[in-house]
Amino acid sequence: MTHLETLNQSLFLTLNGAPDSPWWRIAAATVLADDLILLIPLLLLGLWFWGNDARRNVALKACLVALLALGFNQLIGLIWPHPRPFALGLGHAFIPHAADSSFPSDHMTVFASIGIALFLGREKPLGTLVLLTSLAVAWARIYLGVHFPLDMLGAVAVSGISQAVVTPFWAWAGDQITRLALRLYRTLFAWPIATGWIRR
């Protein structure tokens, strides 16, 4: 076992919940770990439906960054599968989870990708909020026994790489993609736009 893996497991055991953990802490961690990610699509939809065209451009780029990062995660899992803590008999798992590769964390990847893309796309308050929220999600998934700390750091690294890959492409084609998406949106959502429920 490498020193890094030893440190990874040691940090996990420090952060992982105990069998006698209070029920309310387990419940709160479960909401953070499983349910908070549902706010991400709502945030992006809000930027699209009620934001200006610049915000819509940022939202589309953030989606692309996250999708590419999740694709990288799948490749990493195929090339270098890393077992989850409970698959190694480490710590205590408080929520059910498939025994697939843990590295990098998909949940953390979504939060980090969206947060980084928003922060660097002139949406610093929103990006900061998403990145701060990602810390709570990371803690919860380690606390509940389904991820190691390095799974979270790996997710941040993959998200940064994805941002670096997408940025030059978006500088070249982002405006055209946004205009195409806007034409489609204004056709499909003509009625709610006309009623003023959502922004044109």
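For what it's worth, numbering that gives the first Met the number 0 labels the leading residue of the sequence shown as 0, then goes sequentially. Cβ coordinates follow ideal geometry from the N, Cα and C atoms, glycine included.
| Query | Result |
| --- | --- |
| Minimum C-alpha distance to residue 116 - residue among 67, 23, 6 | 67 |
| Nearest-angstrom Cα separation, counted from residue 59 out to residue 10 | 36 Å |
| Test item: CB-CB of residue 120 and residue 164 under 8 Å | no |
| Cβ neighbour criterion (16 or more within 10 Å) applied to residue 162 | buried |
| C-beta contact flag for residue 89 and residue 42 at 8 Å | no |
| Cβ-based neighbour list, residue 143, same chain, cut-off 6 Å, excluding 5 preceding and 5 following | 28, 32, 93, 94 |
| Residues near residue 138 by beta carbon distance below 8 Å, same chain, minus five either side | 14, 28, 31 |
| CA-to-CA distance, residue 168 to residue 26, given in whole angstroms | 42 Å |
| DSSP-derived helix/strand/coil call for residue 89 | coil |
| DSSP state of residue 9 mapped onto helix, strand, coil | helix |
| Straight-line Cα distance separating residue 63 from residue 185 | 21 Å |
| Spatial neighbours of residue 48 in its chain, beta-carbon cut-off 6 Å, leaving aside the 5 residues before and after | 197 |
| Reference residue 54; option with closest CA among 189, 18, 126 | 126 |
| Buried versus exposed, by CB contacts within 10 Å (16 or more), residue 193 | exposed |
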